[in-house]
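Here's the structure, in structure tokens; my notes come after.
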Amino acid sequence: MNLLIPRIYKGERLDKLDKKGMIVALKQEFNASVMKHCSINYDNYKPVNTSRGKRLESWKLEQQKLRDEQEKSIKLKTEAAGAAQEAASQILLAQQSRISAQEATATARMAKADADRSISLLNEMKGLFTQFKISLTEWIKSIKTDDPIMEELNKVEVIERAENIQKHPTYDDEIEMVMFSSIEQAEVEAEPYTAENKPISSKVRRKRKYTL
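In the numbering used here, each residue carries its 1-based index in the sequence shown increased by 1011.
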């Protein structure tokens, strides 16, 4: 502006040119004159991007930047939460699988232990019944050979072993039926050699609720 209108003209200082309002007015008049001379119609001008650039106030830019950062932070937190939830689900699934495997192993071990115990008990019963049959045979033999002392000893032994069988955990109706059937057969075989009626079956009581 000072190139067109000097501050000092013919030795006099133009004080009004130092006033801000005058300078603004002169600039506007100058711009209007230049645009008219160059046939520029400023009213038809439409900026391409009105939301960016120098025309957007600095605080709007700061607010937009802050919103962008917040959205980015929320997105990252959401993704992290989703990943954590997925990891927790995988851990829970692994724990459930491990527990199921442990339960299956424990069940298998218990089943094996039960099977082993059952086999052991059956072997015990087999041994008891074998001893019972041996004593029963020896009792009949002592009667037939007319040996009263051995007859009495063998009879006591037969009764004791029969009672041991009845106390065993595997004792059931079937075992009782077989045992008393053996006793009664032995008594029938010994009947011609003794005057005592049912010398063994009268001393051993049935434990099961049935009758032969």
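Beta carbons: idealized from backbone N, C-alpha and C, even for Gly.
The residue among Ser1212, Val1199 and Trp1070 with its C-alpha nearest the C-alpha of Met1190 is Ser1212. Residue environment analysis places Pro1210 among the buried positions, since at least 16 neighbouring C-beta atoms fall within 10 angstroms of its C-beta.
Contact between the segment 1151–1158 and the segment 1197–1207 is established, with three or more Cβ pairs separated by less than 8 Å. Our two residues, Glu1185 and Gln1177, have alpha carbons roughly 12 Å apart in a direct line. Across the structure, Gln1081 and Ser1100 are spaced so that their CA atoms are roughly 28 Å apart.
The C-alpha of Asn1208 lies about 12 Å from the C-alpha of Ala1197. The shortest CA-to-CA distance from Val1169 to any of Ala1126, Pro1159 and Lys1214 is the one to Lys1214. Of Asn1134, Pro1180 and Ser1146, the smallest CA-CA separation from Lys1166 is found for Ser1146.
By alpha-carbon distance to Arg1216, the top candidate from Pro1180, Thr1181 and Asn1175 is Asn1175. Going by DSSP, Glu1073 is part of the alpha helix (DSSP H) stretching over Ser1069 to Lys1155. In this structure, Arg1172 lies near Gln1142, with their beta-carbon atoms less than 7 Å apart. The alpha-carbon of Glu1195 is positioned some 54 Å away from that of Ser1111. Leu1139 counts as buried, since no fewer than 16 other beta carbons sit within 10 angstroms of its beta carbon.
Distance check between Ser1192 and each of Ile1160, Trp1150, Lys1144 and Ala1206 places Lys1144 closest, using alpha-carbon atoms only. Cα atoms of Ala1124 and Glu1114: separation of roughly 15 Å, rounded to the nearest angstrom.
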